[in-house]
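Trainee: Residues -23 to -1, 1 to 248 in mature numbering (1 follows the signal peptide of the UniProt record, and there is no 0) are what the sequence shown lists, from first letter to last.
All C-beta atoms, glycine included, are put in the ideal place defined by N, C-alpha and C.
On a predicted model such as this, the values are computed, not experimentally measured, just so you know.
Before anything else, here's the structure in question.
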Amino acid sequence: MDILKTLILLVLVSGTIQTTVFGRKKGCSCYRLPNTTTIGIDVRRRLHEADMGRCVETCNATDSDTIKATPEKMSSGSSSCNPTEVTSRSYPLIGGSKYKTAIAKCGYQNTSSGCSRQALFKTFFDGTSYSIRHDIGVCHGSCGSSGHACKAIDSLMMAIKGPNGKGELTHRVIKKCGCVNPICHRVAFREVFKRKSGNTWIQEEKDVGTCVGTGCPRSCVRCFFGNKYCSQHCLVFRERACIATNYTTEHVHTGDHKEKEMHIITECGCK
C-alpha cells in the first residue's frame, strides 16, 4: 500500500514539474509582437505612429496577438529572447525626415558561453531599390559577478547608399565584444600612417584606441571642516571624465612623410 501511494505521489509531482533548458522552461517560444510608438508630429500637425515591435518570451500563449504571431522555438544552448532582425526607414515629420529602427524578427540567441558578438541583421531602405541587409552585430551575454558589462570593444563605420547618394546613412558595425567597465572603457580606434621599408613607403593602420564612457562619479574637493565623511557632506565637487590612464608612444610618419609621435592608449579610467 505504501509503495502504491509513493508511485501515485511521484506521478502527481512529475506532472507539475516542467522541464527547464538553461534556466527557462522547455517548450517556450520567442515572439515578435506589435508595439505601436509615437514617432513625432507629421506635416499635417498630427501624431505619427508606427509599429516598432517588441520581443516577448511566452510559455503559455493565451492572448490573440501572441497566438497569431510566428514563434521562434528554443534551440539547444540558447537562453535569451532578443531581436535578430531589424529594419530602418525614414518618417517624414514636421522638422524633417527621421530614421527609426523597428524590430522585424525575434529569436533565441546563445548566451551560455558568456559575453560574445551575436548576429543582428539590419535592413536599410526596406522595400526600395536601395534596400540592403547587413549584419551590424550586437553584444549579449553575462560577465559574471565582476561588475563589468558586455559591450562593443571594436567596431567599424559603414556608409549606406540611399536616394540622396552614398553616405546618406552611416552605421556602426560591431566586430568584437568584451566584458568592460560600463562607466569607462577602451575601444578600438584606427589611425593611418606610413613606414619606410628600404626605399619604399608602406601605408599601415594601427589601433591607437579611444576612451568611451559617461557617468564618471564626481570626487569631493572640499568638505565641511572636521568632517571625515566627505561623500555625504561635501562643499565642492570636481567633475571627472573618461580619459586615458596609460599609453605607449611610437614614432611614425604622416602622409607627407613628416615624423610625428603616435600615442597608443592601453587603459582608460575616470580622472
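For residue 138, collect the residues of the same chain with a Cβ closer than 8 angstroms to its Cβ; drop the 5 residues on either side in sequence, then sort them by chain order.
Mentor: If we look at residue 138 and ignore the five residues flanking it on each side, its Cβ neighbours are 107, 109, 144, 145.
Trainee: To test your reading of the DSSP string, which unbroken beta strand (DSSP E) runs of 3 or more residues are found completely within the stretch 64 to 130?
Mentor: Whole beta strand (DSSP E) segments, 3+ residues: 73 to 86, 93 to 95, 98 to 101, 109 to 112, 115 to 117.
Trainee: Residue 103 and residue 66 look like a contact to me (Cβ under 8 angstroms); what is the Cβ gap, rounded to whole Å?
Mentor: Indeed they touch by this definition, with Cβ atoms about 6 angstroms apart.
Trainee: Could you have a look at residue 1 and say whether DSSP puts it in helix, strand or coil?
Mentor: Note that residue 1 scores 46 on pLDDT, short of 50, meaning its location in the model is unreliable; the coordinates nonetheless yield the value given after this. Residue state, collapsed to three classes: strand.
Trainee: Considering only their Cβ atoms, is the gap separating residue 150 from residue 186 smaller than 8 angstroms?
Mentor: Taking 8 angstroms as the Cβ cut-off, residue 186 and residue 150 do not qualify as a contacting pair.
Trainee: Exposed or buried, which one is residue 36 when buried takes at least 16 other CB atoms within 10 Å?
Mentor: The residue is exposed, with fewer than 16 neighbouring Cβ atoms inside 10 Å.
Trainee: What residues in its chain sit with their C-beta under 6 angstroms from that of residue 167, if we drop five residues either side in the sequence?
Mentor: Closer than 6 angstroms at the Cβ level, and outside the excluded window around residue 167, lie 182, 184.
Trainee: Using CA coordinates, which residue listed in 112, 83, 84, 78 is at the minimum distance from residue 94?
Mentor: When each option's Cα is compared against that of residue 94, the closest is 112.
Trainee: Does DSSP classify residue 166 as helix, strand or coil?
Mentor: If DSSP states are grouped into helix, strand and coil, residue 166 belongs with coil.
Trainee: Looking at the unbroken beta strand (DSSP E) that takes in residue 27, where does it start and where does it end?
Mentor: 24 to 28 is the span of the beta strand (DSSP E), which, as asked, contains residue 27.
Trainee: Assign residue 69 to one of two classes, buried (16 or more other C-beta atoms within 10 Å of its C-beta) or exposed (fewer than that).
Mentor: Exposed: under 16 other Cβ atoms inside 10 Å.
Trainee: Assuming residue 245 and residue 162 form a contact by the criterion Cβ under 8 angstroms, report the distance between their Cβ atoms to the nearest whole angstrom.
Mentor: Their Cβ separation, rounded to whole angstroms, is 6 angstroms, which keeps residue 245 and residue 162 in contact under 8 angstroms.
Trainee: Should residue 242 and residue 154 be called a contact, given that it needs their Cβ atoms to be closer than 8 angstroms?
Mentor: No.
Trainee: Report the option in 173, 134, 141, 148 whose CA atom is closest to the CA atom of residue 165.
Mentor: Ranking 173, 134, 141, 148 by Cα distance to residue 165 puts 134 first.
Trainee: Tell me where the beta strand (DSSP E) around residue 221 begins and ends.
Mentor: Where residue 221 is concerned, the enclosing beta strand (DSSP E) stretches over 219 to 230.
Trainee: Let me know the secondary structure DSSP gives residue 139 once reduced to three states.
Mentor: Looking at residue 139 - three-state DSSP - the assignment turns out to be strand.
Trainee: Is DSSP giving residue 195 helix, strand or coil here?
Mentor: Note: residue 195 maps to coil in three-state DSSP.
Trainee: Return the CA-CA distance between residue 199 and residue 190, expressed in angstroms with no decimal places.
Mentor: For residue 199 and residue 190, the distance between alpha carbons rounds to 26 angstroms.
Trainee: For residue 213, count neighbouring C-beta atoms within 10 Å of its own C-beta (all shown protein chains included) and say buried if the count is 16 or more, exposed if not.
Mentor: Its Cβ having fewer than 16 others within 10 Å, residue 213 is exposed.
Trainee: Using CA atoms only, rank isn't needed, just tell me which of 74, 231, 195, 227 is closest to residue 247.
Mentor: Among 74, 231, 195, 227, the Cα nearest to that of residue 247 is on 195.
Trainee: Whose C-beta lies closer than 6 angstroms to the C-beta of residue 64 among residues of the same chain, with five residues either side of it excluded?
Mentor: Result list for residue 64: 79, 81, 100, 103, in chain order.
Trainee: Anyone know if the C-beta pair for residue 88 and residue 57 falls short of 8 angstroms?
Mentor: Yes, these two residues count as a Cβ contact at 8 angstroms.
Trainee: For residue 147, collect the residues of the same chain with a Cβ closer than 6 angstroms to its Cβ; drop the 5 residues on either side in sequence, then sort them by chain order.
Mentor: Correct list, in chain order: 134, 136.
Trainee: For residue 6, count the other beta carbons within 10 Å of its own beta carbon; 16 or more makes it buried, fewer makes it exposed. Which is it?
Mentor: Residue 6 comes out buried.
Trainee: Just to confirm the assignment, what range does the beta strand (DSSP E) spanning residue 7 have?
Mentor: From DSSP, the beta strand (DSSP E) with residue 7 extends over 6 to 10.
Trainee: Which of helix, strand or coil does DSSP assign to residue 59?
Mentor: In the structure shown, residue 59 sits in a strand (DSSP, three-state: E or B).
Trainee: Could you tell me if residue 73 is buried or exposed, where buried requires 16 or more neighbouring beta carbons within 10 angstroms of its beta carbon?
Mentor: By the neighbour-count rule (16 or more Cβ atoms within 10 Å), residue 73 is not buried but exposed.
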